[in-house]
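I have placed the structure first, in the form of structure tokens, so that the comments after it can refer back to it.
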Amino acid sequence: MLEARLEQANLLKKVVDSITNLVQDCNFDCNDSGIALQAMDNSHVALVAMMLRSDAFSPFRCDRNIALGINLTSLTKVLRCAQNEDILTLKAEDAPDVVNLVFESAESDRLSEYDIKLMDIDQEHLGIPDTEYAASITMPSAEFQRITRDLLALSESVSIECTKEGVKFSCQGDIGSGSVTLRSHTNVDNEDRNVSIDLSEPVSLMFSLKYLSNFCKASGLSSRVKLSLSNEVPLLVEYALPSNSFLRFYLAPKIGD
Amino acid sequence: VKTQQMLGKFFGAP
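Going down the list, the sequences are from chains A and B. The opening residue of the first sequence carries number 1 in the numbering used here; numbering runs sequentially from there. The opening residue of the second sequence carries number 1001 in the numbering used here; numbering runs sequentially from there.
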């Protein structure tokens, strides 16, 4: 059986909020290492990969592999019943029909309990190769969100060019064009504001801004985001979560025929 | 003209 207790319901609320625009139904794969999720969007252009390691929970107990097939709209409805600061416990039997969620207030004696009916989801799993990326950029997640939002006002697509000069996000649209260039930067007062660019060879790729702006819904989960790029392969956008856990998004590029 | 690729082209079966 599964029993997983999170100190703050807020973490799961934010994770689900940030993927619900991309994915409708998905399996939460539980085993002794934690709770993992991998799902593609309907058009098979973007992929979400989440890992909540067992260390992020206290306690965490799961003695065998359990797949919880959950409709994210249903999960969102139930998670709205939790206060952000509530303690959240997920429970399921070994071959479950439902997942049980318990919300406890640390301050009062309130205890809420909900069951969500599970679905049989035949999910296509993709093998993601270990990649040595040619460029990786770590920057404030709010900055990446702002750039994405600003350029989306002008265009559907963004070109991301990374050279030793810096990283340039640029777009061309009907009303004109725009670009934002970032250079490596160390902020002495606040390292959350740092921009670090790690480059082994120049990269230039084009991506859909609609998907990138969807990924940026995860900005509330982490003050930092890491973009990893290599020519002609999918972009990796990664938000670090507590206890070495992560929320990753992959986006296939636009490539000339 | 650049065309949106699908992930299956890059990521195979596990």
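No residue lacks a Cβ here, since even glycine has one placed at the ideal position from N, Cα and C.
Sequence-distant residues of its chain with Cβ nearer than 6 angstroms to residue i (five each side left out)
i: Cys216 of chain A; result: Gln145, Thr148
i: Ala135 of chain A; result: Cys162, Leu199, Val203, Leu229
i: Met40 of chain A; result: Leu47
i: Thr181 of chain A; result: Gly166, Lys168
Own chain partners of residue i with C-beta closer than 8 angstroms, once the 5 adjacent residues on each side are dropped
i: Thr20 of chain A; result: Leu72, Thr73, Thr76
i: Ala9 of chain A; result: Leu79, Ala82, Gln83, Asn84, Glu85, Asp86, Ile87, Leu88, Phe103
i: Met119 of chain A; result: Asp25, Gly69, Ile70, Asn71
i: Lys210 of chain A; result: Leu152, Glu156
i: Ile175 of chain A; result: Leu154
Beta-bridge pairing of residue i - partner residues as DSSP gives them
i: Ser204 of chain A; result: A:Glu161
i: Ser271 of chain A; result: Only positions 1 to 257 of chain A appear in the structure, and residue 271 of chain A is not among them; the question remains open.
i: Asn27 of chain A; result: A:Gly69
i: Leu229 of chain A; result: A:Ala135
i: Glu60 of chain A; result: Per the sequence presented here, residue 60 of chain A reads as Phe, with Glu not at that position. In the DSSP output, where bridge partners are listed per residue, Phe60 of chain A has A:Ala4.
i: Ser245 of chain A; result: A:Leu241
i: Thr76 of chain A; result: Partner(s): none; Thr76 of chain A has no beta bridge.
Cα-Cα separation, residue i to residue j
i: Arg5 of chain A; j: Gly173 of chain A; result: 48 angstroms
i: Leu123 of chain A; j: Leu154 of chain A; result: Before going further, note that residue 123 of chain A is Gln rather than Leu in the sequence given. Each residue's alpha carbon lies about 35 angstroms from the other.
i: Cys62 of chain A; j: Gly34 of chain A; result: 8 angstroms
i: Val195 of chain A; j: Asn214 of chain A; result: 22 angstroms
i: Ser223 of chain A; j: Phe1010 of chain B; result: 29 angstroms
i: Leu11 of chain A; j: Leu221 of chain A; result: 7 angstroms
i: Asp109 of chain A; j: Leu22 of chain A; result: 36 angstroms
i: Leu37 of chain A; j: Leu126 of chain A; result: 12 angstroms
i: Tyr114 of chain A; j: Ser177 of chain A; result: 50 angstroms
i: Asn31 of chain A; j: Cys171 of chain A; result: 43 angstroms
i: His185 of chain A; j: Ala240 of chain A; result: 20 angstroms
i: Met206 of chain A; j: Glu191 of chain A; result: 29 angstroms
i: Val260 of chain A; j: Gly256 of chain A; result: Summary: the structure shown does not reach residue 260 of chain A, with chain A confined to residues 1 through 257, and so no result is reported for it.
8 angstroms Cβ cutoff, residue i in contact with chain E
i: Met1 of chain A; result: No chain E is part of this structure, whose protein chains are labelled A and B.
>> Against chain B, which members of the region 102–134 of chain A pass a CB distance test of less than 8 angstroms?
In response: His125, Leu126, Gly127, Ile128, Pro129
>> Can you pull out the residues from the region 22–51 of chain A whose beta carbon lies closer than 8 angstroms to at least one beta carbon of chain B?
In response: Met40, Ser43, His44, Val45, Ala46, Leu47
>> By the 7 angstroms beta-carbon criterion, what residues does the region 184–212 of chain A contribute toward chain B?
In response: Met206, Ser208
> What residues in the region 164–182 of chain A bring their beta carbon closer than 9 angstroms to a beta carbon of chain B?
Replying inline: none
> Quick one, which residues of the region 226–255 of chain A are near chain B if we go by CB-CB under 7 angstroms, in chain order?
Replying inline: Val233, Pro234, Tyr250, Ala252, Pro253, Lys254, Ile255
>> Runs of 4 residues minimum, wholly inside the region 120–200 of chain A: which ones carry the alpha helix (DSSP H) assignment?
In response: 141–152
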